[in-house]
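See below for the structure under consideration.
There are 2 protein chains.
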Amino acid sequence: MVRLLSKQDVNELLNMADALEYVEEAYKQLSLGNAIVPQRIAISDPAPGLTLIMPGLIGGKMSALATKIVSVYKENPTKHNMPTVLAKIMVQDMETGDIIGIMDGSLITAMRTGAATGVGVKYLARKNSKTMGIYSAGVQAKKQVVGVYWALNQKLEKCKVYDLNKSVAESFKEELEKELGINVEITDSGDNLLVDTDILVAATTSTTPLFSGDKIPEGMHISSIGAHAATARELDSTTIKRAALRVAGLKEACLAEAGDYIIPIDEGIISENDIISIGDIITGKKHGRESENDITVFKSVGISAQDVAVAKLVYDRALTNNIGQDVDF
Amino acid sequence: MVRLLSKQDVNELLNMADALEYVEEAYKQLSLGNAIVPQRIAISDPAPGLTLIMPGLIGGKMSALATKIVSVYKENPTKHNMPTVLAKIMVQDMETGDIIGIMDGSLITAMRTGAATGVGVKYLARKNSKTMGIYSAGVQAKKQVVGVYWALNQKLEKCKVYDLNKSVAESFKEELEKELGINVEITDSGDNLLVDTDILVAATTSTTPLFSGDKIPEGMHISSIGAHAATARELDSTTIKRAALRVAGLKEACLAEAGDYIIPIDEGIISENDIISIGDIITGKKHGRESENDITVFKSVGISAQDVAVAKLVYDRALTNNIGQDVDF
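Next up, the structure:
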């Protein structure tokens, strides 16, 4: 019997507070050596888009085994009236190997990415943070703000947003003000995001730095979730140089895919040893923020453990709440 | 909308003659550079079994993109009253990336493995072959014989079988005699399989050679589908040395996983250049059997392209014949 869960089912079952807890646990188990995150497989040409296959396992009490298949087809909206990103997650019973749940993965992808930023905020931002700025009002952006909001125990008061597309920024503002009850300010300059903000989130498709690191105020926490190729980055070398902590969702994944760290390493500005996995801070192997003046950076590229953890959460909730449909096939 | 297909649906839609054609096409497209077969991902500890994640793409007119998730849990039968091998295949629309079909993959795995042996027989066995022997009457064995039967255009007359488990051998005999109308003889010695047979199939879980290569009669074609680790093999070095043709389902996969070839290469008995992909024979880049006296060897380890091809076949047939259930999720 396989439990099938639609995007609507997932939406009903999943909230950010829980996603934060599960993603934090995934990072913790990675640090403890209880999780397996194989290098993801990418398939593109001759297909007109990219498919990523991301299996993973988390041991310990979570005991989760799942694979996400996510496709990124940029021409889908114009050519097929379909979303660019499509995803499904297959959850296995770790005791038998049987696939017991299949669920839409698009909302889970956005939520676990927001939760990753949230976990970074919890351990790296100043405790009294109340304001943030975000580059881009795009598909990932809303859940980024929701992640920050819950990581700050709902103390977030204001979010500045910068996006070239004004109507996207307007709907971002409207939805978030309604959902979170915070003040959202649309700004017409990226650099404005660096003024009177405690936390900065970069969630763009840019492959080159968004701002000069010289302009970052002391004490700011920066989370970058956009670029995920060795030659692409949202943050410049000055930002990385000035940071007191350069943290990764998973160090090995960032050293393979995150130009934000790879380029400054190649330039000799920092070394691989300067990069810390967030899990090592969660488990206390490494220290977190030490001063109110520290600039802290959290860079995450998507890793399967995030999806696996949140998919397991959703599956378990679906059984408890009797949501979704069971199909025998 | 996703078309879900059970094992019964797949059984209704799939026959060996079609599987042979599609697996041959997959090997051909691999030779032409129109297929992508990433190294499969394996996940085991701390799970009590093995999961393999096998995505692949076949271009050309087949235009197929799919991922198989297959698990091998040896304690399933005794502990959970479930099969050892469980599998599902997710078929994507190559034009949009969307997952449009999900089907049981256990029968497809057996069928495509039988079809691989069949394609080997078609290109490498003597044209007048009428008899075969098979080591093991286990889970893969029946479809191996069915593959040989159809590859010989139903001219197979007799199959000798050797299996330590007599009741398994008896049911193998009963089922195949009924299904194919051939004579099945149970033998009590593995070496008997080498006498008065044209084709030999090794389909065991053995990790050491099953017989001495000195005993192989001239002109025999040998297909090995069992061992799939660099240190495991069903065929000894003498067999490989005596062979006029050492063919692989996919050369790169065998050089990574097939001890049957890796060990004799390490021993200096043959070199990597002596291994040929079957696709290169299908496309005419390399020659096949040249003499009635040649001993030919076909070694295949499972590659995703086989699953992708057969899954696409099953999916297309399901739409045409209106079989399976459509679920929106």
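Residue numbers (this note's numbering), protein chains in the order written: chain R, 1 to 329; chain B, 330 to 658.
We put the CB at the ideal spot given by N, CA and C, even for glycine.
Interface residues of chain R facing residue i [CB-CB closer than 8 Å]
i: B:N405; result: T96, G97
i: B:F501; result: None at all; the shortest Cβ gap to chain R is about 26 Å.
i: B:Q421; result: T51, I69, S71
Proximity test, Cβ basis, 8 Å: residue i and chain R
i: B:A376; result: yes
i: B:M411; result: yes
i: B:T534; result: no
i: B:P538; result: no
i: B:I372; result: yes
i: B:I437; result: no
Closest residue to residue i among the options (Cα-Cα distance)
i: B:V468; options: B:Y478, B:I528, B:T533; result: B:T533
i: R:R289; options: R:K166, R:P264, R:A151, R:V121; result: R:V121
i: R:K299; options: R:T113, R:K79, R:R40; result: R:T113
i: R:Y73; options: R:D93, R:N81, R:E170; result: R:N81
i: R:I276; options: R:E292, R:Y261, R:A248, R:S63; result: R:A248
i: R:T239; options: R:T231, R:H228, R:A256, R:I263; result: R:I263
i: B:D655; options: B:I428, B:A531, B:P412; result: B:I428
i: B:F658; options: R:K88, R:T78, R:W150; result: R:K88
i: R:S189; options: R:L210, R:E174, R:E175; result: R:L210
i: R:P48; options: R:T67, R:I41, R:N76; result: R:N76
i: R:S63; options: R:A318, R:L313, R:I323; result: R:L313
i: B:V448; options: B:S500, B:L648, B:M345; result: B:M345
i: R:M111; options: R:S136, R:E257, R:V23; result: R:V23
i: B:L481; options: B:S496, B:D492, B:I554, B:T460; result: B:T460
i: R:G366; options: R:K285, R:K127, R:K68, R:L86; result: Summary: the structure shown does not reach residue 366 of chain R, with chain R confined to residues 1 through 329, and so no result is reported for it.
i: R:G213; options: R:A230, R:M103, R:E234; result: R:E234
i: B:V331; options: B:V399, B:P367, B:D422; result: B:D422
Identity of the residues DSSP links to residue i by a beta bridge
i: B:D338; result: Beta-bridge pairing links B:D338 to no other residue.
i: B:H550; result: B:I528, B:T625
i: B:R332; result: B:G430, B:D655
i: B:G389; result: Answer by DSSP bridge pairing: none, since B:G389 is not bridged.
i: B:K417; result: B:I398, B:D433
i: R:M16; result: None, per the DSSP bridge assignment.
i: R:A42; result: R:L52
i: B:I598; result: In DSSP, B:I598 forms no bridge with anything.
i: R:M340; result: This structure cannot speak to residue 340 of chain R, because chain R is shown only from 1 to 329.
i: R:I186; result: R:V161
Proximal chain R residues relative to residue i, where beta-carbon distance stays under 7 Å
i: B:G388; result: P46
i: B:M293; result: The requested residue 293 of chain B does not occur in the structure, where chain B is confined to residues 330 to 658.
Cβ-Cβ separation, residue j to residue i (assumed contact under 8 Å), whole Å
i: B:K489; j: B:L522; result: 5 Å
i: R:G59; j: R:N34; result: 4 Å
i: R:A309; j: R:E95; result: Not confirmed; about 18 Å, so no contact.
i: B:V659; j: B:Y590; result: Because residue 659 of chain B is not part of the residues shown, which for chain B are 330 to 658, the question remains open.
i: R:G279; j: R:Y123; result: That pair is no contact at about 10 Å.
i: R:L13; j: R:N322; result: 11 Å between Cβ atoms; not a contact.
i: R:I222; j: R:L255; result: That pair is no contact at about 19 Å.
i: R:G219; j: R:E292; result: 5 Å
i: R:A117; j: R:G147; result: Sequence check: residue 117 of chain R is Thr here, not Ala. At roughly 5 Å, the Cβ-Cβ gap stays under 8 Å, so R:T117 and R:G147 are in contact.
i: B:T380; j: R:L4; result: That belief does not hold up - the Cβ atoms of B:T380 and R:L4 are roughly 20 Å apart, past 8 Å.
i: R:I186; j: R:I295; result: The pair is not a contact, with the Cβ atoms about 26 Å apart (cut-off 8 Å).
Where residue i meets chain A, residues with beta-carbon distance less than 7 Å
i: B:D433; result: Here the protein chains are R and B, and chain A is not one of them.
Chain-ordered neighbours of residue i on chain B, where CB pairs are closer than 9 Å
i: R:S31; result: The premise fails here: R:S31 is roughly 16 Å from chain B at the closest Cβ pair, so nothing lies under 9 Å.
Beta carbon proximity, residue i to chain B, threshold 8 Å
i: R:S71; result: yes
i: R:Q264; result: Strictly speaking, residue 264 of chain R in this sequence is Pro, with Gln absent from that position. No, its Cβ sits nowhere closer than 8 Å to a Cβ of chain B.
i: R:L13; result: no
i: R:L65; result: yes
i: R:I323; result: no
i: R:P38; result: yes
i: R:P55; result: yes
The ligand NAD heavy atom lying under 7 Å from the CB of residue i
i: B:K641; result: As presented, the structure is devoid of all ligands, the ligand NAD included, so that no description of it is given.
Closer than 8 Å at the beta carbon, the chain B residues around residue i
i: R:S6; result: D657, F658
i: R:K88; result: M419, I428
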